[in-house]
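Step one of this worksheet: look at the structure below.
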Amino acid sequence: MSEKPAQNEKQAAEFLGVSVHWMRRARWKGNGPAFCKYGSAVRYDPETLSAYRDSRIRKSTSDATVKAA
């Protein structure tokens, strides 16, 4: 994990440009960014979020779809 403070799901969703609902569904399906749980609190490492975002970059709609990270 990075030295930057971990982000909650709302902050992570804002960073990725998706809804909190999408974050929850992706976590449930196992195809979203990696996360940590502390009791009921879910946190995301900023470096992990950046790597997840970068892994989704495409140059064309015909580029291969991405499987779970």
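So in numbering that gives the first Met the number 0, spot 7 of the sequence shown is number 6, and the numbers just go up one at a time.
Ideal Cβ positions, reconstructed from N, Cα and C, are used throughout, including at glycine.
The structure presented is a predicted model; accordingly, all values stated were derived computationally and were not measured.
{"query": "Reducing DSSP to helix, strand and coil, say where VAL17 ends up.", "result": "coil"}
{"query": "I need the boundaries of the alpha helix (DSSP H) containing TYR51, first residue and last residue.", "result": "45-54"}
{"query": "Is it the case that the Cβ atoms of LYS28 and VAL19 are separated by a distance below 8 Å?", "result": "no"}
{"query": "Report the residue from LEU15, CYS35, MET22 and PRO45 whose alpha carbon sits nearest the alpha carbon of ILE56.", "result": "LEU15"}
{"query": "Please state the DSSP three-state secondary structure of ARG26.", "result": "helix"}
{"query": "Going by DSSP in three states, LYS36 sits in which element: helix, strand or coil?", "result": "strand"}
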